[in-house]
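Enquirer:
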Amino acid sequence: MTGATNENEPWLTKERVIAAGIGAVFGGVLEYVFIGQGATIVAALLFGLAGAFVPILFE
Numbered sequence: 001m002t003g004a005t006n007e008n009e010p011w012l013t014k015e016r017v018i019a020a021g022i023g024a025v026f027g028g029v030l031e032y033v034f035i036g037q038g039a040t041i042v043a044a045l046l047f048g049l050a051g052a053f054v055p056i057l058f059e
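Those letters in the sequence shown? Residues 1 to 59, by our numbering.
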């Protein structure tokens, strides 16, 4: 990712939404596996958000 963007290209594309959704689910699964059933909904949301942004960083 070079930082150069096309002004006509929308930031929120279908591919990014799908990648973020997969990342959020993956983050939620990791949270459940590592923290277990005592996890709070806040921890699940944080892991999900982190997982959602990982694919965007590596694009």
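Backbone N, C-alpha and C define an ideal beta-carbon position, used for all residues, glycine too.
Would you call the CB atoms of Phe47 and Gly28 closer than 8 Å?
Expert: The residue you call residue 47 lines up with position 47 of the sequence shown. The residue you call residue 28 lines up with position 28 of the sequence shown. Taking 8 Å as the Cβ cut-off, Phe47 and Gly28 qualify as a contacting pair.
Enquirer: What do you reckon, are the CB atoms on Ala43 and Glu31 nearer than 8 Å?
Expert: Taking the first residue of the sequence shown as 1, we reach residue 43 at position 43. Taking the first residue of the sequence shown as 1, we reach residue 31 at position 31. Cβ atoms of Ala43 and Glu31: closer than 8 Å.
Enquirer: Is Leu49 helix, strand or coil when you go by DSSP?
Expert: Numbered from its first residue, the sequence shown carries residue 49 at position 49. Three-state result, Leu49: helix.
Enquirer: If you drop the 5 nearest sequence neighbours on each side, which residues of the same chain put their C-beta closer than 6 Å to that of Ala52?
Expert: Looking up residue 52 in the sequence shown gives position 52. Cβ within range, chain order: Ala20, Gly23, Ala24.
Enquirer: Nearest to Leu49 by CA position, among Val33, Phe34, Phe26, is which residue?
Expert: The residue given as residue 49 occupies position 49 in the sequence shown. Nearest of Val33, Phe34, Phe26 to Leu49, Cα basis: Phe26.
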